[in-house]
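**Student:**
Residue numbers (full-length UniProt numbering): 1 to 271.
1) Below 8 Å on the Cβ atoms is my guess for residue 206 versus residue 239; work out the distance and round it to an integer in Å.
2) Tell me whether residue 154 sits in a helix, a strand or coil according to DSSP, three-state version.
3) Would residue 110 and residue 95 qualify as a contact pair, given that the criterion is a beta-carbon distance under 8 Å?
4) Would you identify the three-state DSSP class for residue 196, choosing helix, strand or coil?
5) So, with DSSP's three-state summary, where would you put residue 51?
6) DSSP three-state call for residue 205: helix, strand or coil?
7) State the Cα-Cα distance for the pair residue 263 and residue 131, rounded to the nearest angstrom.
8) Nearest-angstrom Cα distance between residue 258 and residue 79?
9) State the CB to CB distance for the pair residue 251 and residue 213, rounded to an integer number of angstroms; the pair is presumed to be in contact (CB under 8 Å).
10) Does the distance from the CB of residue 194 to the CB of residue 172 come in under 8 Å?
11) Would you please state the rounded distance, in angstroms, between the beta carbons of residue 208 and residue 256? I believe it to be under 8 Å.
12) Using the beta-carbon count (16 or more within 10 Å), is residue 228 buried or exposed?
13) Our contact map puts residue 63 next to residue 26 with C-beta atoms below 8 Å; I'd like the distance itself, whole angstroms only.
14) Less than 8 Å separating the beta-carbons of residue 75 and residue 108?
15) Below 7 Å CB to CB, which residues in the same chain sit around residue 159 once its five sequence neighbours on both sides are set aside?
16) Just verifying my parser: in three-state terms, what is the DSSP assignment at residue 121?
17) Just to confirm, are residue 176 and residue 145 a CB contact at a threshold of 8 Å?
18) Take residue 189 and list the residues in its own chain whose beta-carbon comes closer than 8 Å to its own, dropping the five residues that flank it on each side.
19) So for residue 137, helix, strand or coil by DSSP?
20) Pick out whichever of 233, 234, 211 has its Cα sitting closest to the Cα of residue 248.
21) Nearest to residue 35 by CA position, among 50, 59, 20, is which residue?
22) Could you check if residue 129 is buried or exposed, using at least 16 other CB atoms within 10 Å of its CB as the buried criterion?
23) Is the separation between the beta-carbon of residue 235 and that of residue 226 shorter than 8 Å?
24) Buried or exposed for residue 38, going by 16 or more other Cβ atoms inside 10 Å?
25) Hey, would you say the C-beta of residue 194 is under 7 Å away from at least one heavy atom of the ligand GDP?
26) Reducing DSSP to helix, strand and coil, say where residue 211 ends up.
27) By Cβ distance below 7 Å, which residues in the same chain neighbour residue 273 in space, the five residues on each side in sequence not counted?
28) Decide if residue 88 is buried, meaning its Cβ has at least 16 other Cβ atoms within 10 Å, or exposed.
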């Protein structure tokens with residue numbers, strides 16, 4: 001029986017009684033009593049209004065799976081998985097955004113992020129990749145004063161533009177997301193002789209799109225609702241076009257500073 005059916009069954013038998021019984025189940029689970037012992041004690045107290053055996057065993061299982069925060073709130077494996085998926089799809093999501101979208105308290109989300117998920121632990125080869133990338137960016141900027149101005153972000157190249165016609169005049173910077181590293185994309189870039197700056201994995205702190213462009217885009221679109229994908233695409237394009245060029249230049253200046261910090265931190269995360 002699914003949790004949805006169990007909850008539906010609970011409401012059908014009387015909400016107050018069922019809330020009481022779930023509290024008893026949680027209490028017994030914390031005491032270390034088995035699901036069978038808990039079910040028998042509920043039968044003795046509530047008689048014909050006792051929750052069904054399946055419901056009791058399911059709630060008992062869920063309460064056992066819960067982990068308690070320091071502030072007394074519980075977090076379940078389902079909560080942890082929801083937060084994990086949300087962060088995977090939006091590395092710049094704020095606690096407020098996650099709280100509203102997932103209906104999980106901010107403190108619980110904070111605890112999940114720090115205690116259950118935590119930052120990605122970089123392997124030695126990943127640290128080396130971050131250092132090499134950072135050194136390449138710093139060296140290129142030192143050797144060519146116009147290097148940073150020649151970089152183009154994948155998020156900004158969304159239609160044909162005359163100024164991008166000659167690939168010798170610019171380099172493409174995008175992260176290693178599957179959509180960017182797919183065979184068809186790599187073949188297209190190679191066919192058009194586009195110079196690509198290889199980005200190290202697990203490095204949103206070294207990606208201008210992640211630490212600068214996307215937060216600005218989200219700020220402009222925040223609180224707006226769209227009826228279909230074409231409307232979203234149009235609004236996103238307009239929001240991107242509205243970002244001043246000077247702000248993009250600041251993003252690349254920040255990238256250079258971040259690369260220096262990464263080198264100083266020996267490839268570790270520095271913020």
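Virtual Cβ for every residue (Gly too), placed ideally from N, Cα, C.
**Tutor:** Concretely, from the data shown:
1) If you number the chain shown from 1, residue 206 lands on position 206. If you number the chain shown from 1, residue 239 lands on position 239. About 24 Å separates the two Cβ atoms, so there is no contact after all.
2) Taking the chain shown and counting its residues from 1, one reaches residue 154 at position 154. Confidence in residue 154 is poor, its pLDDT being 48 and thus under 50, which makes the residue's placement unreliable; the coordinate value appears in the next sentence. DSSP places residue 154 within a helical segment (H, G or I) once states are collapsed to three.
3) Residue 110 sits at position 110 when you count from the first residue of the chain shown. Residue 95 sits at position 95 when you count from the first residue of the chain shown. In contact: residue 110 and residue 95 (Cβ atoms closer than 8 Å).
4) Indexing the chain shown from 1 puts residue 196 at position 196. Note: residue 196 maps to strand in three-state DSSP.
5) The count along the chain shown starts at 1 and reaches residue 51 at position 51. In the three-state DSSP reduction, residue 51 falls in the coil class, being neither helix nor strand.
6) Residue mapping note: residue 205 aligns to position 205 of the chain shown, counting from 1. Reduced to three states, the DSSP call for residue 205 is helix.
7) Residue numbering aside, residue 263 sits at position 263 when the chain shown is read from its first letter. Residue numbering aside, residue 131 sits at position 131 when the chain shown is read from its first letter. Those two C-alpha atoms are separated by around 5 Å.
8) Counted from its first residue, the chain shown places residue 258 at position 258. Counted from its first residue, the chain shown places residue 79 at position 79. Taken atom to atom, the span from the alpha-carbon of residue 258 to that of residue 79 is near 33 Å.
9) Residue 251 sits at position 251 when you count from the first residue of the chain shown. Residue 213 sits at position 213 when you count from the first residue of the chain shown. About 7 Å separates the beta carbon of residue 251 from that of residue 213, a gap short enough to meet the 8 Å contact definition.
10) Position 194 of the chain shown, counting from 1, holds the residue named residue 194. Position 172 of the chain shown, counting from 1, holds the residue named residue 172. Yes, the pair counts as a contact, with Cβ atoms nearer than the cut-off.
11) Looking up residue 208 in the chain shown gives position 208. Looking up residue 256 in the chain shown gives position 256. Not confirmed; about 10 Å, so no contact.
12) One-based indexing of the chain shown puts residue 228 at position 228. Result: exposed.
13) Counting from 1 along the chain shown, the entry for residue 63 is found at position 63. Counting from 1 along the chain shown, the entry for residue 26 is found at position 26. Here residue 63 really is in contact with residue 26; their C-beta atoms are around 5 Å apart, less than 8 Å.
14) Residue numbering aside, residue 75 sits at position 75 when the chain shown is read from its first letter. Residue numbering aside, residue 108 sits at position 108 when the chain shown is read from its first letter. Yes, the Cβ-Cβ distance between residue 75 and residue 108 is below 8 Å.
15) As a first step, residue 159 must be located in the chain shown, where it is residue number 159. Residue placement at residue 159 is poorly supported in this model, since its pLDDT is 45, which falls under 50; the coordinates are not used for a value here.
16) The sequence position of residue 121 within the chain shown is 121, counting from 1. Coil at residue 121, not helix or strand.
17) What you label residue 176 is simply residue 176 of the chain shown in a count that begins at 1. What you label residue 145 is simply residue 145 of the chain shown in a count that begins at 1. Taking 8 Å as the Cβ cut-off, residue 176 and residue 145 do not qualify as a contacting pair.
18) Taking the chain shown and counting its residues from 1, the one referred to as residue 189 is at position 189. Correct list, in chain order: 172, 196.
19) On the chain shown, position 137 is the one that residue 137 refers to. Looking at residue 137 - three-state DSSP - the assignment turns out to be helix.
20) As a working note, residue 248 is residue 248 in the chain shown. Looking at the Cα atoms, 211 is the closest of the given residues.
21) On the chain shown, position 35 is the one that residue 35 refers to. Looking only at 50, 59, 20, the smallest Cα-Cα distance to residue 35 is reached by 59.
22) Position 129 of the chain shown, counted from the first residue, corresponds to residue 129. Counting the other CB atoms within 10 Å of its CB gives residue 129 a total of 16 or more, which places it among the buried residues.
23) Within the chain shown, numbered from 1, the residue matching residue 235 stands at position 235. Within the chain shown, numbered from 1, the residue matching residue 226 stands at position 226. Taking 8 Å as the cut-off, the Cβ atoms of residue 235 and residue 226 count as close.
24) Position 38 of the chain shown, counted from the start, is the residue given in the question as residue 38. Looking at its Cβ environment, which holds 16 or more other Cβ atoms inside 10 Å, residue 38 is buried.
25) Of ligands this structure carries none, so the ligand GDP is not represented either.
26) As a first step, residue 211 is located in the chain shown; it is residue number 211 there, counting from the start. Three-state DSSP puts residue 211 in a helix.
27) Absent from the model: residue 273. The displayed extent of the chain is 1 to 271, so no value can be given.
28) To locate residue 88, count along the chain shown from 1; it is residue 88. Counting Cβ neighbours within 10 Å, residue 88 comes out exposed, since fewer than 16 surround it.
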